[in-house]
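Some notes on the structure that comes next.
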Amino acid sequence: MEFTKDELREAKRQIDSTLHKLREAIKTFASKDNAERYKSQTTLAKRRIKAFEIANYFIEKELEKQENAAQERIHPYD
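My numbering applies: residue -6 is where the sequence shown begins, and numbers increase by one.
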């Protein structure tokens, strides 16, 4: 599947926003009086964070690939 740079950048922005919210949720759960009660929510949030970090990694790699290809088209013999 092919995506434009704009689509990839927007996906990264959305993922970064979601990551921020998930990390804040974990902090909130940890600060509760009975943090153990929120263990399943914390575990789920951590798993989602890991999944979004992996997605971000692949988005960044694809953006790099597209930028390198664009540079090759501009300066093919550099």
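Ideal Cβ placement from N, Cα and C applies to all residues, glycine included.
Notebook entry, point to check: Is the stretch 41 to 56 in contact with the stretch 0 to 15, if contact means three or more CB pairs nearer than 8 angstroms?
Noted result: yes
Check: Is residue 44 near the ligand SAM, with its Cβ less than 6 angstroms from a heavy atom?
Finding: What this structure holds is no ligand at all, so the ligand SAM is not there to describe.
Next item on the list: State whether the stretch -4 to 9 contacts the stretch 55 to 68, with contact taken as three or more CB pairs (one from each stretch) at a distance under 8 angstroms.
Entry: yes
Item checked: Cβ neighbour criterion (16 or more within 10 Å) applied to residue 38 -> Buried.
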